[in-house]
Amino acid sequence: MRYALLTLCVLVAGCDTVRSTTDRVFGGDEKPAEAEEVVAETPVEPEPLPATAAGWVGAKTTIAGLGDPTTPGRWLQTPLVDTEFTGRVVVPKTGSQAYITLVPAPGPEGGGSRLSLDAMRALLLPFDELVELEVYSN
């Protein structure tokens, strides 16, 4: 019974293939095949990046502690950035890394930074210590 069901499934699946090949061999429809219209699409050009693209080459170093634990999300408030964007943060001591949102904070560029609770968990950092971080722009 199983073999009969399997054979039936194979035959039903191949019916469309058999029908289309027999139409071509034996004439099938007498109407000429209609040509499909080919629509030429104009290529879409990517939008240029804004002139004030926030980013840099290489790593910038900062010291970070725990930020406001009631603010949700994975973020780093740091004076290293002027606009909010996504960046990569690496802990040089352990090598752990995570992609997080870099949020501008007031203060000098060498000032301290604050990490969210979720970001500290992602980087496997203790909540009660200050840590050195390398920050990379995306």
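In terms of my numbering, the sequence shown is residues -12 to 125.
The beta-carbon is built from N, C-alpha and C at its ideal position, and this holds for glycine as well.
Given the structure is predicted, the values throughout are model-derived calculations rather than measurements.
Worksheet entry | For F72: DSSP bridge partner residues | F72 is bridged to L89.
Item to complete: Output the distance between the C-alpha atoms of M(-12) and R108, rounded to the nearest integer angstrom.
Response: Rounded to whole angstroms, M(-12) to R108 spans 57 Å at the Cα level.
Worksheet item: To the nearest angstrom, how far is it from the Cα of I99 to the Cα of K80?
Response: According to the sequence displayed, residue 99 carries Gly and not Ile. One C-alpha to the other measures close to 18 Å.
Item to complete: Output yes or no for whether 8 Å exceeds the beta carbon distance between V118 and T65.
Response: Contact flag unset, no.
Worksheet item: For Y123, which beta-bridge partners are listed by DSSP?
Response: The bridge partners DSSP lists for Y123 are A46, R75.
Fill in: Own chain residues within Cβ distance below 7 Å of L36, not counting five before or after
Low local confidence applies: a pLDDT of 44 at L36 is under 50, so the model's placement there is unreliable, with the coordinate-based value given in what follows. The same chain holds no residue with a CB closer than 7 Å to that of L36 once the five nearest residues on each side in sequence are set aside.
Worksheet item: Among V44, L53, V68, which residue has its Cα nearest to the Cα of L112?
Response: It is L53 whose Cα lies nearest to the Cα of L112.
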